[in-house]
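Worksheet: the structure to be examined is printed underneath.
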Amino acid sequence: MRTIYYSRTFLSIIGGVIAGILGLTGIAGFLFYFAIMMATSAAVAVKAGFNVERFFDSWNRITLDGLTAGLMSFVLFWVFAYDIVHIF
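What follows is the structure, given as structure tokens:
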């Protein structure tokens, strides 16, 4: 679970920078974040061979764990990258 948490945090940071560089604002940025998190969950499920119960407690562990912490990292780097590229 720690590995999934760290990968979500890393992808949130990378996604925030990409969203900021692309100039996404408002709801489009948040939709971009949730698309990244859905892709991450799908990649973990594929890596587990869709036999999630063998490696994790439930599907909720790979879909919802670290979602809010990742959101805070995403917003931080999204705003930072947007400010650097589009404002300064």
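The opening residue of the sequence shown carries number 581 in the numbering used here; numbering runs sequentially from there.
Quick reminder that beta carbons are idealized off the backbone N, C-alpha and C, glycines included.
How about the region 583-600 and the region 615-631: do they share at least three Cβ pairs that are nearer than 8 Å?
Put simply, the region 583-600 touches the region 615-631. At least three CB pairs are less than 8 Å apart.
For residue 617, which three-state DSSP category applies?
helix
Among 665, 666 and 588, the one whose alpha carbon lies nearest that of residue 623:
588
Does the ligand MG have even one heavy atom less than 7 Å from the beta-carbon of residue 652?
The ligand MG is not part of this structure, which contains no ligands at all.
Is residue 628 helix, strand or coil when you go by DSSP?
coil
Hey, could you find the ends of the alpha helix (DSSP H) residue 593 is sitting in?
Taken as a continuous stretch (DSSP letters only), the alpha helix (DSSP H) holding residue 593 covers 582-602.
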